[in-house]
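Undergrad: After the structure tokens below, expect a handful of questions from me.
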Amino acid sequence: MTSLKWKICGMRDPDNIARVAGLKPDLMGFIFYKKSPRYVAQWPPEGLELEEKTEVVGVFVNPDIQEIEERHDQKSFQWVQLHGNESPGFCQIIKDKNIGVIKAFGVDDSFDFSQLKPYLETVDLFLFDTKSPHHGGTGKKFDWMLLKQYSYKKPFLISGGIGPGDQEALETLFDSDLPVYGIDINSRFESSPGIKNTHLIQSFIESVKSVNYESRS
8 MTSLKWKICG
18 MRDPDNIARV
28 AGLKPDLMGF
38 IFYKKSPRYV
48 AQWPPEGLEL
58 EEKTEVVGVF
68 VNPDIQEIEE
78 RHDQKSFQWV
88 QLHGNESPGF
98 CQIIKDKNIG
108 VIKAFGVDDS
118 FDFSQLKPYL
128 ETVDLFLFDT
138 KSPHHGGTGK
148 KFDWMLLKQY
158 SYKKPFLISG
168 GIGPGDQEAL
178 ETLFDSDLPV
188 YGIDINSRFE
198 SSPGIKNTHL
208 IQSFIESVKS
218 VNYESRS
């Protein structure tokens, strides 16, 4: 049995980043997509200090390899999350650089899970978010029961509008045979775009921290 992983995404203010880091999440995501209200203009953020257990995720939308390399050279991150139309081959190039690859997909009622098959060997995790032209951060959920159509063993993160009060719905997924790696939380735990309410996050984490799932990775 493996504990559920927590990813907190979309911080940009140094003081708020420090407070979020104090919660000791497994993953902290920083967005390098300039059209996002959570874009990190300064990287690394001033005074960035993370607990040893916390790994950094750089979030990109249709980047080129040079952009990823430049960001990685400035301050090493362990993961790259790709939120655009990146190909399996592009993912493989990043993986060959010993960087973990998270490939995000927007899900709606017509989502075809068979499109994931070409990525199975080139990514480490999938991330399922609510389909949107804005590449995430909508604060809206997709129908999580659609994930029951997922037939692969590759672990994944659940994202898209997760907020306070969602414990019961999430636990239904955790109790299934799905290879749920963790939860990705963002906009519904904010006081304003990019500013996380750490008290709200802490309360939510504590309310579901006893939930375990059987890893099939």
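Residue numbers (the numbering used here): 8 to 224. Backbone N, C-alpha and C fix where the C-beta goes; we use that ideal spot for every residue, glycine too.
Let me know the secondary structure DSSP gives Asp80 once reduced to three states.
TA: Helix.
Undergrad: If you check the beta carbons only, do Val27 and Ile38 fall under 8 Å apart?
TA: Not closer than 8 Å, so no.
Undergrad: With burial defined as no fewer than 16 other Cβ atoms inside 10 Å of the residue's Cβ, what is the status of Pro125: buried or exposed?
TA: Under this definition Pro125 is an exposed residue.
Undergrad: By a C-beta neighbour count over all protein chains shown, 10 Å radius and 16 as the cutoff for buried, is Pro140 buried or exposed?
TA: Pro140 should be labelled exposed.
Undergrad: Quick check on the DSSP output: the beta strand (DSSP E) that includes Ser243 runs from which residue to which?
TA: Nothing in the structure corresponds to residue 243, since the chain is present only between 8 and 224.
Undergrad: Starting from Ser199, trace the beta strand (DSSP E) in both directions and tell me its first and last residue.
TA: From DSSP, the beta strand (DSSP E) with Ser199 extends over 197 to 199.
Undergrad: Mapping the DSSP letters down to three states, classify Gln88 as helix, strand or coil.
TA: Here Gln88 sits in strand by DSSP.
Undergrad: Quick one: residues in its chain with C-beta nearer than 7 Å to the C-beta of Lys102, no 5 flanking neighbours on either side, listed in chain order?
TA: Same-chain partners within the cutoff: Val108, Thr129.
Undergrad: Under 7 Å Cβ to Cβ from Ile24, same chain only, skipping five residues before and after it: list those, please.
TA: If we look at Ile24 and ignore the five residues flanking it on each side, its Cβ neighbours are Met18, Pro52, Leu55.
Undergrad: By the 10 Å Cβ neighbour count, where 16 or more other Cβ atoms means buried, how is Gln88 classified, buried or exposed?
TA: Buried: at least 16 other Cβ atoms inside 10 Å.
Undergrad: Could you check where the beta strand (DSSP E) with Ala48 kicks off and where it finishes?
TA: Ala48 -> no beta strand (DSSP E), and no H or E assigned at all.
Undergrad: I think Gly36 touches Val66, with their Cβ atoms under 8 Å apart; what is that distance to the nearest whole Å?
TA: Yes, they are in contact, since the Cβ atoms of Gly36 and Val66 sit about 5 Å apart, within 8 Å.
Undergrad: Short check: CB of Ile192 to CB of Ile72, under 8 Å?
TA: Taking 8 Å as the Cβ cut-off, Ile192 and Ile72 do not qualify as a contacting pair.
Undergrad: Which residue's Cα is closest to the Cα of Leu207: Asp22, Leu30, Asp20?
TA: It is Leu30.
Undergrad: What's the C-alpha gap between Glu58 and Pro32?
TA: Glu58 and Pro32: Cα-Cα distance of roughly 9 Å.
Undergrad: Identify whether Leu96 lies in helix, strand or coil by the three-state DSSP scheme.
TA: The sequence shown places Gly at residue 96, rather than the Leu named in the question. Residue state, collapsed to three classes: helix.
Undergrad: Given Ile100, which residues of its chain have a CB within under 7 Å of its CB, disregarding the five upstream and five downstream residues?
TA: Here the set comprises Ile72.
Undergrad: Check Glu62 in the structure and name its three-state DSSP category.
TA: Residue state, collapsed to three classes: strand.
Undergrad: Does Ile106 come out as helix, strand or coil in the three-state DSSP assignment?
TA: Correct three-state label for Ile106: coil.
Undergrad: Under DSSP, the alpha helix (DSSP H) around Phe5 begins and ends at which residues?
TA: One cannot answer for residue 5 here, as it falls past the ends of the chain, which runs 8 to 224.
Undergrad: Could you please give the first and the last residue of the uninterrupted beta strand (DSSP E) stretch that includes Leu134?
TA: Segment 132 to 137, the beta strand (DSSP E) holding Leu134.
Undergrad: For Ile165, does the three-state DSSP call read helix, strand or coil?
TA: In the structure shown, Ile165 sits in a strand (DSSP, three-state: E or B).
Undergrad: Helix, strand or coil for Asp22 per DSSP?
TA: Asp22: helix per DSSP, three-state reduction.
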